[in-house]
Amino acid sequence: GNAQSDEPRKLSKGDVALLQFALWAETVEADLWTQYAELGGVGPSGGGAAQAQEEFQGFIGGNPAYTLALQNLDGDMPQYITDNTDDELSHTAFLQAFLRSRGEEPVNLEPFRNLRSSKATGARQIKRLTNLMDLNVDLSWYTRYRSGKNPDLGTVFKGPFVIKNQPAIPLDDTDTPPTTNPTVPIAGRDANRIQAIANTAGFHFAFIEQGGASLYPTLAFKATDPTVLRILVSIGGVEIDHFGLWHDKGANAVSQPLAGVLDPVTGLSFPDLNHPATELTQTNKILPEPCNFISKNLPRCSVIRPTSTQLAGAVATVKAFVDDGLFTGQPAAFLQLSMELAVAADSVQRKF
């Protein structure tokens, strides 16, 4: 063919809007996961060697107390955290490069690296996009995925308990000395504090990734170009994979032998959700329960939910992250840009 036909097709304005919002979400995720990996991940000797330059390179030794507390949820947590971080960094790098390859300028959040780092051992002292030191972690997903009802058909869910104004990473070495050894059963002020922080992280991991699990199909429904559809479905599948992993790990914080940890600073308690175990609390029920889907007149079906623009689209995602406390300290200009990108993505209509 002639040179013209070998050129990649220019993307429609709508498809660009979908990819720009996906890039926004991945940039945010990459920032928060990088903080988790610095403090609770693994270094190259722990099997965390970067295979490519876009993978996580920021490990300077980790935080021993936080890492031990995370390993009380699962012994492999440091590797999982680093791998999840690598995944988000790869999504970010790919979306940037793909947009450029189609003649588009990728959204750039670098000017908004305003937020301070943790002062705890292991954290690099660099500016961040996201705040992990004072979070309100929505747990409605925990109940939603155990229920036979569907938010897209009007059901509103509450979580099994409330996580409010809680750090998900250690703040500094005074609050959580890095020499703290949180052995099970957890006892003493410092061990309870660092374990409560790690437990919060475990639930926050699942909250973030269930958001991605719902966002990507919602964006994909709007895509026109087959390559854009392929990108959104393929990255979205990884977000779903992440959510399944973290659902399992977070649940270990609210089952024996770890259940009952009490944060001595915030008063947050992690209950035993198996005492008694109900359909909506039992911790090992981590696979999506069949639920109403499309119509209550059809048989229940095990699906990712929600997948409506109203509940799972770009604007809903920004609002959920704001409510989470992820952007506390960011200026109005950051939220304005985020909402502009979100509204543009939600407004896209698929062209047949």
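Quick note: the sequence shown, position 327, residue 311 per this note's numbering, numbers continuous.
A virtual CB, placed ideally from N, CA and C, is assigned to each residue, including glycine.
Burial state of residue i, where buried means 16 or more other Cβ atoms lie within 10 Å
{"i": "GLU22", "result": "buried"}
{"i": "LEU271", "result": "exposed"}
{"i": "LEU252", "result": "buried"}
{"i": "PRO394", "result": "Lying before the first or after the last residue shown, residue 394 is absent from the chain, which here runs from -15 to 336."}
{"i": "ILE110", "result": "exposed"}
{"i": "LYS350", "result": "In the structure as shown, the chain begins at -15 and stops at 336. Residue 350 is therefore absent and cannot be evaluated."}
{"i": "ALA235", "result": "buried"}
{"i": "SER74", "result": "buried"}
{"i": "GLU89", "result": "exposed"}
{"i": "GLN80", "result": "buried"}
{"i": "PHE336", "result": "exposed"}
{"i": "ILE278", "result": "exposed"}
Contact set for residue i: own chain, Cβ-Cβ below 6 Å, skip 5 residues either direction
{"i": "TRP8", "result": "VAL91, LEU325"}
{"i": "ALA152", "result": "LEU116, LEU119, THR184, ALA185, HIS188"}
{"i": "ASP70", "result": "GLU39, PHE40"}
{"i": "ILE65", "result": "TYR20, ALA21, GLY24, GLY25"}
{"i": "TRP125", "result": "GLN194"}
{"i": "SER239", "result": "ASN258, THR267"}
{"i": "LYS148", "result": "ASN120"}
Span of the beta strand (DSSP E), counted from its first residue to its last, around residue i
{"i": "ILE147", "result": "147 to 150"}
{"i": "VAL287", "result": "No beta strand (DSSP E) holds VAL287; DSSP gives it neither H nor E."}
{"i": "LEU123", "result": "It is not in any beta strand (DSSP E) - LEU123 carries neither H nor E in the DSSP assignment."}
Sub-8 Å separation of residue i and residue j beta-carbons
{"i": "THR301", "j": "LEU199", "result": "yes"}
{"i": "GLN179", "j": "PRO166", "result": "yes"}
{"i": "ALA104", "j": "ASN56", "result": "no"}
{"i": "LEU3", "j": "LEU83", "result": "yes"}
{"i": "GLU10", "j": "GLU72", "result": "yes"}
{"i": "GLY132", "j": "ARG284", "result": "yes"}
{"i": "ALA243", "j": "PHE254", "result": "yes"}
{"i": "GLY45", "j": "GLY143", "result": "no"}
{"i": "VAL245", "j": "ILE170", "result": "yes"}
For residue j and residue i, the rounded distance between their alpha carbons
{"i": "MET61", "j": "PRO241", "result": "17 Å"}
{"i": "HIS231", "j": "ASN276", "result": "21 Å"}
{"i": "LEU216", "j": "PRO135", "result": "22 Å"}
{"i": "ASP225", "j": "LYS269", "result": "16 Å"}
{"i": "GLY87", "j": "THR160", "result": "48 Å"}
{"i": "VAL140", "j": "GLN294", "result": "13 Å"}
{"i": "ASP307", "j": "VAL121", "result": "8 Å"}
{"i": "GLN(-12)", "j": "ALA1", "result": "Unreliable placement is indicated for GLN(-12), whose pLDDT of 49 sits below 50; no coordinate value is reported for it."}
{"i": "PRO315", "j": "PRO(-8)", "result": "37 Å"}
{"i": "ARG108", "j": "LEU282", "result": "52 Å"}
{"i": "ALA197", "j": "VAL249", "result": "33 Å"}
{"i": "ALA182", "j": "GLU13", "result": "18 Å"}
{"i": "GLY27", "j": "LYS280", "result": "49 Å"}
{"i": "ALA304", "j": "THR164", "result": "33 Å"}
{"i": "LEU337", "j": "ASP209", "result": "With the chain covering -15 to 336 only, the question about residue 337 has no answer from this structure."}
{"i": "TYR50", "j": "PRO162", "result": "8 Å"}
{"i": "ALA328", "j": "GLU273", "result": "33 Å"}
{"i": "LEU264", "j": "ARG177", "result": "27 Å"}
Closer than 7 Å: residue i CB and nearest the ligand ATP heavy atom
{"i": "THR105", "result": "The model depicted lacks the ligand ATP and carries no ligand whatsoever."}
For residue i, the first and last residue of its enclosing alpha helix (DSSP H)
{"i": "MET61", "result": "61 to 85"}
{"i": "ASN176", "result": "173 to 204"}
{"i": "ALA322", "result": "Checking the displayed sequence, the identity of residue 322 turns out to be Ser instead of Ala. Where SER322 is concerned, the enclosing alpha helix (DSSP H) stretches over 316 to 330."}
{"i": "GLY24", "result": "-3 to 24"}
{"i": "ARG130", "result": "Run containing ARG130: none; DSSP gives neither H nor E here."}
{"i": "VAL238", "result": "VAL238 -> no alpha helix (DSSP H), and no H or E assigned at all."}
{"i": "ALA300", "result": "298 to 308"}
{"i": "GLY48", "result": "For the sequence presented, residue 48 should be read as Pro rather than Gly. That run of the alpha helix (DSSP H) goes 48 to 57."}
Neighbourhood of residue i by C-beta distance below 8 Å, restricted to the same chain and skipping five residues each side
{"i": "LEU54", "result": "GLY24, MET61, PRO62, ILE65, ALA182, ALA185, GLY186"}
{"i": "VAL222", "result": "ASP71, HIS75"}
7 Å CB neighbourhood of residue i in its chain, flanking five on each side removed
{"i": "ASN68", "result": "TRP17, HIS226"}
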